[in-house]
Amino acid sequence: MYSDERVEAFRRRLASQGQRVTPQRLAIYKYLIEAETHPSAEEIHRALQPIYPSMSPATVYKTLELLVEMGLATELAFGDSPNRYDGNPHEHVNLVCTECGSIVDLEESLLEELRERVVRASRFLVRSQRHEFHGVCPRCQNAKGA
Ligand SMILES: [Zn+2]
Ligand SMILES: [Zn+2]
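If you read the sequence shown in the numbering used here, its first letter stands for residue 2, the second for the next number, and so on.
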């Protein structure tokens with residue numbers, strides 16, 4: 002789905018839940034899905050503040066919280082570093098670089114098969130699945146001459 006359609010779907014859901022529809026909230030969601038960097042709240046605030054000078058960090062945090070509640074975003078926690086946010090609605094693997102902190106999506110068709118196998122083996126009712134690989138990205142490997 003294109004980002005504009007997804008932002009429009011978010012707008013409609015806000016309205017139907019009696020939540021305030023503001024340009025700032027919509028811009029935060031649009032940034033999240035277009036950036037593909039799995040941004041932190043701080044990164045989103047830094048990027049949008051020049052466009053929306055009155056946007057506070059609290060607005061960003063609250064909007065992200067709302068997106069997570071609505072199932073439109075996933076919160077990724079990493080110990081003592083700031084939480085990152087994932088707006089990719091497709092099942093995928095997050096490749097997390099422990100050197101530079103980049104997070105890159107990898108679509109992997111095996112994830113569906115993996116889920117089916119897990120369900121068969123466990124009779125667990127799966128609502129969602131998350132996959133995270135931690136390591137060193139190609140750029141950081143090159144930088145180290147590894
Ligand atoms: Zn890296
Ligand atoms: Zn992701």
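Backbone N, C-alpha and C define an ideal beta-carbon position, used for all residues, glycine too.
Note that the structure is predicted; figures quoted are calculated from it, not measured.
{"Asked": "So which of Gln20, Gly19, Tyr30, Gln18 has the shortest CA-CA distance to glutamate 9?", "Found": "Tyr30"}
{"Asked": "What do you get for phenylalanine 11, buried or exposed, if any count of 16 or more other CB atoms within 10 angstroms of its CB means buried?", "Found": "buried"}
{"Asked": "Exposed or buried, which one is arginine 26 when buried takes at least 16 other CB atoms within 10 Å?", "Found": "buried"}
{"Asked": "How long is the line joining the alpha carbons of valine 217 and arginine 85, rounded to whole angstroms?", "Found": "Limits of the chain in this structure are 2 at one end and 147 at the other, which puts residue 217 out of reach."}
{"Asked": "If you draw a straight line from the alpha carbon of arginine 13 to that of lysine 145, how long is it in whole angstroms?", "Found": "48 Å"}
{"Asked": "Take glutamine 18 as the anchor and find which of Met71, Glu35, Thr60 has the nearest alpha-carbon.", "Found": "Met71"}
{"Asked": "Can you tell me whether arginine 85 sits near ligand 1, meaning its C-beta is under 8 Å from at least one heavy atom of the ligand?", "Found": "no"}
{"Asked": "For cysteine 98 and glycine 136, which I take to be in contact (beta-carbon distance under 8 Å), what is that distance rounded to the nearest angstrom?", "Found": "7 Å"}
{"Asked": "Do histidine 93 and glutamate 117 have their C-beta atoms within less than 9 Å of each other?", "Found": "no"}
{"Asked": "Please report how far the alpha carbon of threonine 75 lies from the alpha carbon of arginine 121, in whole angstroms.", "Found": "26 Å"}
{"Asked": "Cα separation between glutamate 114 and histidine 46?", "Found": "38 Å"}
{"Asked": "I need the straight-line Cα distance from alanine 48 to lysine 63, nearest angstrom please.", "Found": "17 Å"}
{"Asked": "Give, in chain order, every unbroken run of the beta strand (DSSP E) that is at least 3 residues long and sits entirely within the region 55–85.", "Found": "75–79"}
{"Asked": "Who are leucine 107's beta bridge partners in DSSP?", "Found": "Val94"}
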